[in-house]
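Note sheet for the following structure.
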Amino acid sequence: MVARWRNDIYLSIASIAVFQPHVTSGFSKPPANPLTISQPCIRLNDLESVGRSGRHLTTFEMMAHHAFNTEEQNIYWQDRTVELCHELYTGLGLPGSEITYKENPWVGGGNGGEALEVLAGGLELATLVFMDLEEDLDGDIELKGIKFKRMPRSIVDTGYGLERLVWASQGTPTIYEAVFPDAVLHLTELTNLKDSLENSSSIISENAKICGVLSIDYGSDLTELRQKVLDRLNAAGHSMTLPEFTSTIEPLEKLFAVVDHSRALAFMFGDGIVPSNVKAGYLARMVLRRTALLLRDLDAQDALSEMVSHHIDTLSGTYPEIGANKAHILEMVALEQERFIQTLERGRRTVQRAIGSGGIDQDKLLELYDSQGLPPSVVSDFASDLGHSIEVPDGFLAMVAERHQGEAKGGKKKRYLSMLNQLIWIFTRIWRSVLFHRRLSSLISARYP
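Start counting the sequence shown at 97; every next residue gets the next number (this note's numbering).
Have a look at this one:
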């Protein structure tokens with residue numbers, strides 16, 4: 097989960113990240129060629145969409161097969177990759193006529209290339225990337241605002257989301273009910289939302305359809321999005337006002353987000369992340385504090401450790417190291433939650449001083465979050481109590497996550513320096529080992545001539 101071998105990203109965002117930059121650059125050989133992998137991944141750039149869209153997750157299992165083609169060795173490329181994908185889904189019972197392949201270039205982790213999104217019934221089931229580009233500030237190819245140059249390797253980078261397959265097989269309104277049925281049921285009972293969930297399936301489904309298409313980006317208008325969903329619902333026979341719709345859907349969205357986020361915390365703390373104000377620790381702290389606030393809104397403040405514990409028990413069969421670290425993970429959750437409570441207690445005075453010093457705009461919101469740990473929704477609540485109104489744009493936390501993940505990104509020179517430093521470290525370890533064995537051999541020879 098934590099990309100410790102890299103200095104340009106903090107977390108593993110895809111299975112190919114495991115092979116970047118060492119294998120994709122040609123610096124190292126892959127462990128097998130071709131190969132398959134199933135990699136737990138985490139992405140926080142759509143954080144506000146989790147729970148709302150019905151399809152977004154922070155953590156997911158990316159199943160993949162990769163092939164590393166070079167001038168000397170050609171494994172397979174586009175035709176065979178599509179053929180393998182089509183065989184998989186038709187073999188699982190999906191009619192071939194219902195599968196659509198949509199072109200959409202992909203970039204990530206310093207590489208890019210042409211890509212096909214594999215869609216069925218409006219759901220993206222997989223992405224097939226044909227990676228033959230590497231980032232270069234002087235490159236003559238531009239994708240999504242990034243300059244690339246052609247590289248002498250052609251890499252097949254596929255991604256089959258395990259959770260998406262589960263969802264497609266279950267046909268539930270949202271991915272959360274398919275992937276986390278026990279966790280969703282348990283939290284609905286804790287929050288008295290069981291009846292609301294059972295009686296709102298059509299509302300949840302319609303909301304997921306619209307929100308799944310219109311992502312919650314930084315600065316987007318959530319009220320406008322809500323109105324579009326409501327118009328669809330009322331046209332289909334419902335009779336609801338915007339406040340009635342919002343009061344029904346928001347608690348369920350928050351519930352789904354908590355179920356997802358608590359699993360992310362089990363993964364992040366289970367992989368050794370320590371909450372802090374920098375790097376991966378900052379991102380873990382952000383996820384935990386958002387989860388704590390969502391639970392507060394659901395009047396279930398004490399349920400965080402319980403939800404994380406549930407996911408640990410569920411994951412431990414596949415990831416025994418997470419189960420072995422259960423006590424440590426729950427201790428981290430409890431300590432960080434207590435720190436957050438203390439932060440909130442100090443926050444009211446901080447907000448009052450900020451208002452008195454010239455007001456709070458979006459830059460100040462970001463400063464209060466980064467330096468004081470005060471989420472924008474909390475700042476807005478405190479300001480409202482003091483008679484001031486603050487506009488908090490939707491997608492704020494996703495923007496913060498992108499900003500902090502972006503701090504890890506460096507240019508080509510930085511990546512090569514990292515590879516050089518790692519190479520020096522490897523040879524240093526080898527040399528020390530050689531010296532140790534020479535010394536040991538000398539001592540043994542002297543003792544037993």
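Each residue gets a CB set at the ideal place from its N, CA and C atoms; glycine is no exception.
Query, Result
"In its own chain, which residues sit with a C-beta less than 8 angstroms from the C-beta of Leu482, not counting the 5 before and 5 after it?", "Val447, Gln448, Ile451"
"When you compare each of Leu190, His118, Pro191 to Arg249 by their alpha carbons, which one comes out closest?", "His118"
"Might you give, ordered along the chain, the residues of its own chain that have their beta carbon closer than 6 angstroms to the beta carbon of Asp327, omitting 5 neighbours on each side?", "none"
"Count the other CB atoms, across all protein chains shown, that sit within 10 Å of the CB of Asp278; report buried if there are 16 or more and exposed otherwise.", "exposed"
"With Pro269 as the anchor, note down where its beta strand (DSSP E) starts and where it stops.", "Where Pro269 is concerned, there is no enclosing beta strand (DSSP E), given that its DSSP letter is neither H nor E."
"Compare the beta carbon distance of Leu224 and Thr177 with 8 angstroms and say whether it is the shorter of the two.", "yes"
"For the 8 angstroms Cβ check, are there 3 or more pairs between the stretch 371 to 384 and the stretch 410 to 423?", "no"
"I need the DSSP call for Ser514, collapsed to helix, strand or coil.", "Low local confidence applies: a pLDDT of 49 at Ser514 is under 50, so the model's placement there is unreliable, with the coordinate-based value given in what follows. Residue state, collapsed to three classes: helix."
"If I follow the unbroken beta strand (DSSP E) through Leu224, where does it start and stop?", "219 to 231"
"Work out the CA separation of Thr166 and Ser514 for me, nearest whole Å.", "Caution is warranted here: a pLDDT of 49 is assigned to Ser514, below 50, making its placement in the model unreliable, and the coordinate value is therefore given only provisionally. For Ser514 and Thr166, the distance between alpha carbons rounds to 24 angstroms."
"Cβ atoms of Leu239 and Pro201: under 8 angstroms apart, would you say?", "yes"
"Write down every uninterrupted run of the alpha helix (DSSP H) in the stretch 326 to 369 whose length is 4 residues or greater and which is fully enclosed by it, in chain order.", "338 to 366"
"Just to check my reading of the structure: Val146 and Ala353 have Cβ atoms closer than 8 angstroms, yes? What is that Cβ distance to the nearest angstrom?", "5 angstroms"
"By Cβ distance below 6 angstroms, which residues in the same chain neighbour Lys508 in space, the five residues on each side in sequence not counted?", "For Lys508, the predicted model reports a pLDDT of 46, less than 50, meaning its position is unreliable and no value from the coordinates is stated."
"Would you verify that the beta carbon of Ala450 is, or is not, closer than 8 angstroms to some beta carbon of chain D?", "Absent from the structure: chain D. Only one protein chain is present."
"For Ile425, which three-state DSSP category applies?", "helix"
"Using the Cβ count rule (16 or more neighbours within 10 Å means buried), how would you classify Leu390?", "buried"
"Provide the residue(s) that pair with Tyr197 in DSSP beta bridges, ordered along the chain.", "Val214"
"Does Ser250 come out as helix, strand or coil in the three-state DSSP assignment?", "strand"
"Using the Cα positions of Leu338 and Ile345, report the straight-line distance between them to the nearest angstrom.", "11 angstroms"
"Which term fits Lys125, buried or exposed, when burial requires 16 or more other beta carbons within 10 angstroms of its beta carbon?", "exposed"
"Tell me the DSSP secondary structure of His161 in three-state form.", "strand"
"What's the gap between the Cα of Glu402 and the Cα of Asp236?", "52 angstroms"
"Kindly indicate the opening and closing residues of the beta strand (DSSP E) around Ile237.", "237 to 239"
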